[in-house]
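First comes the structure, then the notes that go with it.
Protein chains: 2
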Amino acid sequence: MKLRGNTGKVQELPWRRRKTVPVMVGPLRVGGGAPVVVESMTKTDTRDAAATLKQVRALERAGCELVRIAVPDMAAARALGHVVQRSRIPVVADVHFDHRLALAALEEGVAGIRLNPGNIADRRKVEAVVRSAQEKRASIRVGVNAGSLSKTAAARFADNAVHEAMVESALEHVSILEKLDFRDVLISVKSSDVATTVRAYRTLSSAVRYPLHVGITEAGTLLRGSVVSAVGVAVLLSEGIGDAVRVSLAASPVKEVEVGFLILGALGLRETGPVVICCPTCGRCEIDVQRIAREVERRTRSLRTPLAIAVMGCGVNGPGEARQADVGIAGGKGEGLLFSRGRIVGKVREADMVETLLERVRLMAEEEAP
Amino acid sequence: MKLRGNTGKVQELPWRRRKTVPVMVGPLRVGGGAPVVVESMTKTDTRDAAATLKQVRALERAGCELVRIAVPDMAAARALGHVVQRSRIPVVADVHFDHRLALAALEEGVAGIRLNPGNIADRRKVEAVVRSAQEKRASIRVGVNAGSLSKTAAARFADNAVHEAMVESALEHVSILEKLDFRDVLISVKSSDVATTVRAYRTLSSAVRYPLHVGITEAGTLLRGSVVSAVGVAVLLSEGIGDAVRVSLAASPVKEVEVGFLILGALGLRETGPVVICCPTCGRCEIDVQRIAREVERRTRSLRTPLAIAVMGCGVNGPGEARQADVGIAGGKGEGLLFSRGRIVGKVREADMVETLLERVRLMAEEEAP
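These protein sequence lines map, in sequence, to chains F and X. Going by numbering that gives the first Met the number 0, the letters in the first sequence line up with residues 0 to 369, in that order. Going by numbering that gives the first Met the number 0, the letters in the second sequence line up with residues 0 to 369, in that order.
Printed below as a string of C-alpha cells:
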C-alpha cells in the first residue's frame, strides 16, 4: 500500500491491511480494501430530532463518514426519519434488546443497525428484523462489549479470558444471522482494556472475513480517551486489523472524529489536511513555537489539502524538518529562515511568522485544488 | 509478563518486551527488563537555573523519572550544577556539536549526556568526553533525528529510506563509542513520521541490544502530539521495542509525562494511579457523565493507587463496566447504582455521585497504602 506521508512523498507503509469482504452501509463501502472509515455517535437526546440533526451536521463538517444514533425507545425510533432524510452521511441505529425498535428504525430508512441478535430471545422476532434489513439493504453490526457480555457467555470463561468470551459471543450472534442467510455483517468486540481488546480482535480477525469496526470502549475524557484509543487502535491497525474506527470520548463527538483522523493520518492510512510539525521546545528555543504552532493549526483546520507545515525553534533539527516539510520555519533569535518545498526562500521576523506560513499554505492549497 | 490491568486483575499481556542490556543513568536502570522509563525535557532557558529547577520539581511531582536539559552554551552548562545537586531524578545534558559543553556538563555532575560523537570532527575531542563519562559513570545516548541527519548520511539513501539512513548514522555514532570501549549506551532514531520511526526502530532493534529510547519527534501540539506519540510508541511497544519513552509535545513538559504514563498504562506496562473509565454518552444517557468523570479524574490525579473507577450513563454497558471496576456508578435517570468491587452497595443521587466515588476511592487508597 502506498500513500503520501506527512512529507508529501510516496512511501511504502510498514503495515498491510488484512483482507475482509466489503459490506455496504448505505452508499459507504466498509472493508474489502476501502479506506478505513471514521465514525461517531450522537450524544443528544434522540427524541429531539432538531438537536440530533444539528450534531450530525457538525459531524459531517468534521469529516465524519458514518453516524450512529442510540434508539432507546419508540419515540427515538420515530425521530430518526427526520435525521435520516437530511443527513449527508449514512445513519446507523443503535438498538438493544427490543426488536420493535430495530424494525421501526429500519422503517425510518437507516442504512444499518447495530444489534446483537442473540439478546433477543424469540427467533421469529430476529427473523423479522433480518428480513426487513434484507429488503431495505441495511447492514447489521454485531457489537459485543465486555461491559454487556451476557452472564452465560462470561461465566464460561475465566476472568483472564474475557477476550475469548467476547469473540465467542460475537460469533454466536453472527451465526444466527448467517443461518438466516444474512451476510451484510460488521463486527466489533470492545473492552475498556487495551490488552483485552487487542487479544479479542486478533482472535476474531483470524476467525472471520467480515469487516471489523475497532475501538476502545469507555476510553475516558478528552486527553486520556484520545491516548488510550490511539494506543489500542494503532496496535490493531499496525497488525492490519480494522476497517472502521470509532474513538469513544466523554467529550464532543466532533473530537472523536478529529482524533480518529489523527490516528489514521499518523499511520499513513488516511490523508488528512495540513499537519503542523513542531518541536517541543527546549533550552535552545528562542521563538514562541507553542503559540505559533497552535495558531497555524487552528487557522488551517478547515483545509483539506495534505500539507506538512514545520514550526521549529532552533538550529539543531529545525533546518532539517523545515526543509522536509512543504513549508517551514527554522527559528533563531526573534526571527527564522523560511523554507518552501525544500529551499530557503527568505527570513521572517517572529511577529510575521503566522501570517507568512498561512499565506504560503493558502497558495499551496490553491495550487493543489482540483 | 504479568501486571494488574485496569480491573486490578492479574493478566497475561499480549506483548513481550525484547531483551536489551541494562544501562544505568545515575541510579536509574534502563533496559534489561526494567520498567519502561518515562522521561521529559525542560523548556526553560537553561541559564536560568532557578526557573529550570522549578520545572524539574514539577516534573518530579508528575512522576517523571529522568529529565533532559539542553546545553546550548557554556553559561547553560555552568547552570546545570545548581539543578543537578537539587534534582531528585537523574539529569541528562543534551549537547550538540561542541565537546566542551559535554565536558562541562559532566563536570557539573550530570548522570548522562545525549551526544552524537560522529558530529564532532576531532576524535581526540570525542575521546576526552568518553574518558570523562567513564570516570564519572555517566551514560551516553546517541540520538539521531531525521531532521538532523548529516547530509552525507542522508545522501546515501533514497527519500523512502530515511529510516535506513537514521539507523546507519546511529550505528556509526555507536561504533565510535565502542572503539573507545564505552558501552553505557542508549540509542534513539526518531522521525516526525510514525511509519519512518517504526521502520527505523525495527531495524535498529534487530541490530543492537542497547536499551532504546523511543518517541515521535516534533509530534505537535497537545492533542495532536499526544495522539501521534501514542500511535507511534504503542506500535513499537506492542512489538516489544522500547525501554524509555519521551512524548514530545509543544505543551507543558508535565503533560509529556502524563501522556507517557497514559500510554504505558494503556498497554499494561506500568501501573498508574486511578483510571476513570467512562462512557462516551449517547441518546440513552441520563446523567452528566462528562462532568462527573472530569471532576473525579481531576480530584484523583495526585493518588498513586491503581484503581479503576467507572462512570457510566445507562443500563446497556453500565452495570457490566461498573461491576468490573473497583468502584463504579451505572447511571439511570438522575440517580445510579453504586458498585464496589463487583457488588451493588447502594443507590446514589446524581448530585452526590462525585463525592460518593471520591470517598470510596479514598478508603480504597488507604487500604492499599503500604
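Just so you know, even glycine gets a beta-carbon here, dropped at the ideal spot from N, CA and C.
Legend entry - Test item: CB-CB of V143(X) and S174(X) under 8 Å: Taking the second sequence and counting its residues from 1, one reaches residue 143(X) at position 144. Taking the second sequence and counting its residues from 1, one reaches residue 174(X) at position 175. No. Outside cutoff.
Legend entry - Residues that R198(X) contacts on chain F, provided the C-beta gap is smaller than 8 Å: Walking along the second sequence from the start, residue 198(X) turns up at place 199. Per Cβ cutoff of 8 Å: P13.
Legend entry - Inter-residue Cα distance where the pair is A57(X) and D183(F): Here the question's residue 57(X) lines up with position 58 in the second sequence. Here the question's residue 183(F) lines up with position 184 in the first sequence. About 53 Å.
Inset, instruction - Give the secondary structure of E334(F) by DSSP, where H, G and I count as helix, E and B as strand, and everything else as coil. - result: Locating residue 334(F) in the first sequence gives position 335, where the first residue counts as 1. The answer is strand: DSSP assigns E334(F) an E or B state.
Inset, instruction - Please report the residue range of the alpha helix (DSSP H) in which S168(F) lies. - result: If you number the first sequence from 1, residue 168(F) lands on position 169. Taken as a continuous stretch (DSSP letters only), the alpha helix (DSSP H) holding S168(F) covers 161-178.
Legend entry - Complete runs of the beta strand (DSSP E) confined to the region 246-283 of chain X [at least 3 residues]: 274-277
Inset, instruction - Please report how far the alpha carbon of E106(X) lies from the alpha carbon of A75(X), in whole angstroms. - result: What you label residue 106(X) is simply residue 107 of the second sequence in a count that begins at 1. What you label residue 75(X) is simply residue 76 of the second sequence in a count that begins at 1. Approximately 13 Å between the Cα atoms of the pair.
Inset, instruction - With 8 Å as the threshold, decide whether the Cβ of Q84(X) is near any Cβ in chain F. - result: Against the second sequence, residue 84(X) aligns to sequence position 85. False, the Cβ-Cβ gap to chain F never drops below 8 Å.
Inset, instruction - Decide if I112(X) is buried, meaning its Cβ has at least 16 other Cβ atoms within 10 Å, or exposed. - result: For the purposes of this step, residue 112(X) is taken as the residue at position 113 of the second sequence. It is buried - the Cβ of I112(X) has at least 16 other Cβ atoms within 10 Å.
Legend entry - Any C-beta of chain F under 8 Å from that of T220(X): Taking the first residue of the second sequence as 1, we reach residue 220(X) at position 221. Chain F, which has a Cβ nearer than 8 Å to the Cβ of T220(X), makes this yes.
Legend entry - Exposure of P89(X), with buried meaning 16 or more beta-carbon neighbours within 10 Å: By one-based count along the second sequence, residue 89(X) stands at place 90. With 16 or more Cβ atoms within 10 Å of its Cβ, P89(X) is classed as buried.
Legend entry - Start-to-end residues for the beta strand (DSSP E) that takes in V188(X): On the second sequence, residue 188(X) is found 189 positions in, with the first residue counted as 1. Residues 184-189.
Legend entry - Status (buried if at least 16 other CB within 10 Å, exposed otherwise) for E385(X): Nothing can be reported for residue 385(X), as the shown portion of chain X is limited to 0 through 369.
Inset, instruction - Report yes or no: is there a C-beta of chain F within less than 8 Å of the C-beta of V173(X)? - result: Indexing the second sequence from 1 puts residue 173(X) at position 174. V173(X) does not count as touching chain F.
Inset, instruction - Give the range of the alpha helix (DSSP H) segment to which G80(F) is assigned. - result: For the purposes of this step, residue 80(F) is identified with residue 81 of the first sequence, where counting begins at 1. 73-85 is the extent of the alpha helix (DSSP H) around G80(F).
Legend entry - Minimum Cβ-Cβ distance from A104(F) to chain X less than 8 Å: Numbered from its first residue, the first sequence carries residue 104(F) at position 105. No, no contact with chain X.
Legend entry - Proximity test, Cβ basis, 8 Å: T293(X) and chain F: Here residue 293(X) corresponds to residue number 294 of the second sequence, with the count starting at 1. A small fix is needed here, since residue 293(X) is Arg in this sequence, not Thr. Yes, R293(X) counts as interfacial toward chain F.
Legend entry - Inter-residue CB distance, G214(F) and I286(F) (contact presumed, cutoff 8 Å): One-based indexing of the first sequence puts residue 214(F) at position 215. One-based indexing of the first sequence puts residue 286(F) at position 287. Going by Cβ atoms, the distance from G214(F) to I286(F) rounds to 38 Å, so no, they are not a contact pair.
Inset, instruction - Note down, in chain order, every chain X residue with its Cβ under 8 Å from the Cβ of Q54(F). - result: Position 55 of the first sequence holds residue 54(F). Going along chain X, no residue has its Cβ under 8 Å from Q54(F), so there is no contact; the nearest lies around 10 Å.
Inset, instruction - Helix, strand or coil for V230(X), going by three-state DSSP, please let me know. - result: Locating residue 230(X) in the second sequence gives position 231, where the first residue counts as 1. Of the three classes helix, strand and coil, the one that applies to V230(X) here is helix, per DSSP.
Legend entry - C-beta neighbour in chain X for M40(F), strict 8 Å: Your numbering for residue 40(F) matches position 41 in the first sequence. Judged by the 8 Å Cβ criterion, M40(F) is in contact with chain X.
Legend entry - Pick from D97(F), A152(F), V29(F) that is closest to A127(F), judged by C-alpha positions: Locating residue 127(F) in the first sequence gives position 128, where the first residue counts as 1. If we check each option's Cα against that of A127(F), D97(F) comes out closest.
Inset, instruction - Could you check if E238(F) is buried or exposed, using at least 16 other CB atoms within 10 Å of its CB as the buried criterion? - result: Counted from its first residue, the first sequence places residue 238(F) at position 239. Per the 10 Å Cβ criterion, buried.
Inset, instruction - Using 10 angstroms around the beta-carbon of P279(F), count the other beta-carbons present and answer buried if the total reaches 16, otherwise exposed. - result: Against the first sequence, residue 279(F) aligns to sequence position 280. Buried, because 16 or more other Cβ atoms sit within 10 Å of the Cβ of P279(F).
Inset, instruction - Taking only beta-carbon positions, decide if M363(X) is within less than 8 Å of chain F. - result: Along the second sequence, one-based indexing puts residue 363(X) at 364. Cβ-Cβ to chain F under 8 Å: no for M363(X).
Legend entry - Same chain, Cβ closer than 7 Å to T41(X), five either side skipped, listed in chain order: Walking along the second sequence from the start, residue 41(X) turns up at place 42. T51, Q54, V55, V66, I68, P252, listed in sequence order.
Inset, instruction - Rank G272(X), V310(X), A61(X), R283(X) by C-alpha distance to the C-alpha of Q289(X) and give the top, closest one. - result: Taking the first residue of the second sequence as 1, we reach residue 289(X) at position 290. Cα-wise, what sits closest to Q289(X) is V310(X).
Inset, instruction - With DSSP as the reference, label H212(F) as helix, strand or coil. - result: The count along the first sequence starts at 1 and reaches residue 212(F) at position 213. Three-state result, H212(F): strand.
Inset, instruction - Step through the CB atoms of chain F and report whether any lies within less than 8 Å of the CB of R298(X). - result: To locate residue 298(X), count along the second sequence from 1; it is residue 299. Closer than 8 Å: no.
Legend entry - Which of helix, strand or coil DSSP assigns to D93(X): In the second sequence, residue 93(X) corresponds to position 94, counting from 1. D93(X): strand per DSSP, three-state reduction.
Inset, instruction - For P34(X), return the contacting residues in chain F, with the cut-off set at a CB-CB distance below 8 Å. - result: As a position in the second sequence, residue 34(X) is number 35, starting the count at 1. In chain order: nothing, as chain F lies at least about 16 Å away.
Legend entry - Closest Cα partner of R99(F) within the set P318(F), L185(F), L221(F), K124(F): By 1-based counting over the first sequence, the position of residue 99(F) is 100. Comparing Cα positions, the closest option is K124(F).
Legend entry - Distance CB(V275(F))-CB(A292(F)) smaller than 8 Å: Within the first sequence, residue 275(F) is the residue found at index 276, counting from 1. Within the first sequence, residue 292(F) is the residue found at index 293, counting from 1. Contact flag set, yes.
Legend entry - Proximal residues of chain X, C-beta to C-beta of H95(F) below 8 Å: The residue given as residue 95(F) occupies position 96 in the first sequence. Within chain X, the residues near H95(F) are V315.
Legend entry - Where G333(F) falls, given that 16 or more other Cβ within 10 Å makes a residue buried: Counted from its first residue, the first sequence places residue 333(F) at position 334. Under this definition G333(F) is an exposed residue.
Legend entry - Cβ neighbour criterion (16 or more within 10 Å) applied to N5(X): Counting from 1 along the second sequence, the entry for residue 5(X) is found at position 6. Reliability of the predicted coordinates at N5(X) is poor, the pLDDT of 44 falling under 50, and the value obtained from them is presented with this limitation in mind. Buried, because 16 or more other Cβ atoms sit within 10 Å of the Cβ of N5(X).
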